[in-house]
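Worksheet for the structure shown next.
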Amino acid sequence: MGTEFNQLFDEWAHTYDSFVAGKDDQYKEVFAHYDTILDDVVTKSSGTVLEFGVGTGNLTNKMLDAGYRVYGIEPSKEMRAIAKQKLPKEVSVADGDFLNFEVPEQIDTIVSTYAFHHLTDEEKRIAVEKYSQLLNKGGKIVFADTIFVDREAYDKTIQEAIAQGYNNLANDLKSEYYTLIPIMQSIFEDNGFHVTFSRYNHFVWIMEAAKN
Ligand SMILES: C[S@@+](CC[C@H](N)C(=O)[O-])C[C@H]1O[C@@H](n2cnc3c(N)ncnc32)[C@H](O)[C@@H]1O
355 MGTEFNQLFD EWAHTYDSFV AGKDDQYKEV FAHYDTILDD VVTKSSGTVL
405 EFGVGTGNLT NKMLDAGYRV YGIEPSKEMR AIAKQKLPKE VSVADGDFLN
455 FEVPEQIDTI VSTYAFHHLT DEEKRIAVEK YSQLLNKGGK IVFADTIFVD
505 REAYDKTIQE AIAQGYNNLA NDLKSEYYTL IPIMQSIFED NGFHVTFSRY
555 NHFVWIMEAA KN
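Positions in the sequence shown are counted from 1; adding 354 to them yields my numbering.
Here is the structure:
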């Protein structure tokens, strides 16, 4: 938990921004409309923001440009190093993860892009339960991530990746903890959130969950 993917992201950190720019064919569709996705996460946010899985700091920078105060959490040392180079010095990017973190003040919005699938469904439930205790009424979770409508859509996407010779993508889809919309919907609703899902490309949806 938390550190499981650190080696992968330590190695990926230095080329990550070329992937989000669509330079890798296998991940082109995953990162299609990347800037719009991040911009819409910013638009749906308000107040003081807690961001998980900061990566190279792309969403953080957009949040700062929009005038939000942001507390970043990122478990990969190399990702933190790159984010720190790209962000203003006063911005905090702390070591931690979706389940192990500290916040210095009341948080209004919890955001994350392309990262929540690193938790198992059981861990996702524990995380949302934690966030429910952290947020006041009206507080929000805004997560963009790969998620599937049902098991059939998930399996079909893996088969299509294999047929295209996209083996890295297929292995990624098989080995990380991508989940289904009905599962996320029940995790949010069981913890007192009203959630909506909006699709941005074949893989990525924004989940916007407001605390009742
Ligand atoms: C694909 S990158 C996304 C980076 C950035 N959010 C973006 O949208 O470009 C996934 C990030 O999630 C981080 N991560 C992996 N496991 C995590 C966890 N358990 N808690 C928080 N972040 C995690 C990785 O280190 C990596 O920086």
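We put the beta carbon where it would ideally sit given N, CA and C, even for glycine.
These numbers were taken from a predicted model, which means no experiment stands behind them.
- Query: Exposed or buried, what is D526 when buried is set at 16 or more other beta-carbons lying within 10 Å of its beta-carbon?
  - Reply: By the neighbour-count rule (16 or more Cβ atoms within 10 Å), D526 is buried.
- Task: Tell me, please, which residues DSSP counts as bridged to I516.
- Result: Paired residue(s): none; I516 is not in a bridge.
- Straight-line CA distance for T397 to D504? Taking the straight line from one Cα to the other gives about 28 angstroms.
- Task: Spell out a yes or no on whether the segment 381-401 and the segment 452-463 are touching, meaning 3 or more CB-CB pairs, one atom from each, closer than 8 angstroms.
- Result: Yes: the two stretches touch, three or more of their Cβ pairs being nearer than 8 angstroms.
- Message: Rounded to the nearest angstrom, what separates D394 and E530 at their Cα positions?
- Response: Near 25 angstroms, if we compare the C-alpha coordinates of E530 and D394.
- Give a yes or no on whether the C-beta atoms belonging to N360 and S430 are separated by under 8 angstroms. Yes; because the gap between Cβ atoms is below 8 angstroms, this pair is in contact.
- Among residues of its own chain, excluding the 5 on either side of I427, which ones have a beta-carbon nearer than 6 angstroms to its beta-carbon? Once the five neighbours on either side are set aside, the close Cβ partners of I427 are F406, A448, G450 and F455.
- Task: Out of F452, K440, P536 and L489, point me to the one whose CA is closest to A481's CA.
- Result: Selection F452, K440, P536 and L489 evaluated against A481 yields F452 as nearest (Cα-Cα).
- Task: Tell me where the beta strand (DSSP E) around V396 begins and ends.
- Result: The continuous stretches of beta strand (DSSP E) do not include V396, which lies in the alpha helix (DSSP H) extending over residues Y388 to T397.
- Can you find a heavy atom of ligand 1 that lies under 7 angstroms from the Cβ of S430? Answer for S430: yes, Cβ within range of ligand 1.
- Query: Run through DSSP, which three-state label would S400 get?
  - Reply: In this structure, S400 counts as coil in the three-state DSSP scheme.
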